[in-house]
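Asks: Per the numbering used here, the very first residue in the sequence shown carries number 151; after that it's consecutive. Every residue, glycine too, gets a C-beta built ideally from N, C-alpha and C.
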Amino acid sequence: MLKLSILRIREIFVECVKWKRIVALAMGLDCGSFIAKYLLCLFNFLFFVAGTIILGIGVWLAVDKASFISLLKMVESEQLQVSHVILL
Numbered sequence: 151m152l153k154l155s156i157l158r159i160r161e162i163f164v165e166c167v168k169w170k171r172i173v174a175l176a177m178g179l180d181c182g183s184f185i186a187k188y189l190l191c192l193f194n195f196l197f198f199v200a201g202t203i204i205l206g207i208g209v210w211l212a213v214d215k216a217s218f219i220s221l222l223k224m225v226e227s228e229q230l231q232v233s234h235v236i237l238l
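1) Compare the beta carbon distance of Ile185 and Phe163 with 8 Å and say whether it is the shorter of the two.
2) Using beta carbons (cut-off 8 Å, strictly below), is Cys191 in contact with chain C?
3) Do you know how far the Cα of Phe197 is from the Cα of Cys191?
4) By the three-class DSSP mapping on this structure, what secondary structure does Glu226 have?
Here's what the structure looks like:
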C-alpha cells in the first residue's frame, strides 16, 4: 500500500509539473502546495483512524475489564513486553 501511495504522489507531482500553469491558475496553488495539501489530508486521516482505534480500546477497557484480563493471561509476557516497546 505504501508503494502505491508513493507512486500516486509521484504521479501527481509529474502531472502537476506538466500542467503547472493550469493547476496554478485553477487552484491558486503551485506544485509543492498541491502535494502538501494531499499529504496533510492523508496524515489527518491516519491520525483520525489511530485515535478512533485507541478510543475504542479505551471504551472496551472501561466497560469490560474481565475480558481484557483474560486476554492478557493468554499472551506470553515476552510478547507483551515487545508490544509495550512498540507502542512507546
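Replies: According to the structure data:
1) Cβ atoms of Ile185 and Phe163: closer than 8 Å.
2) The structure shown contains no chain C, having only a single protein chain.
3) So the two alpha carbons sit approximately 10 Å from each other.
4) DSSP, read as helix, strand or coil, puts Glu226 in coil.
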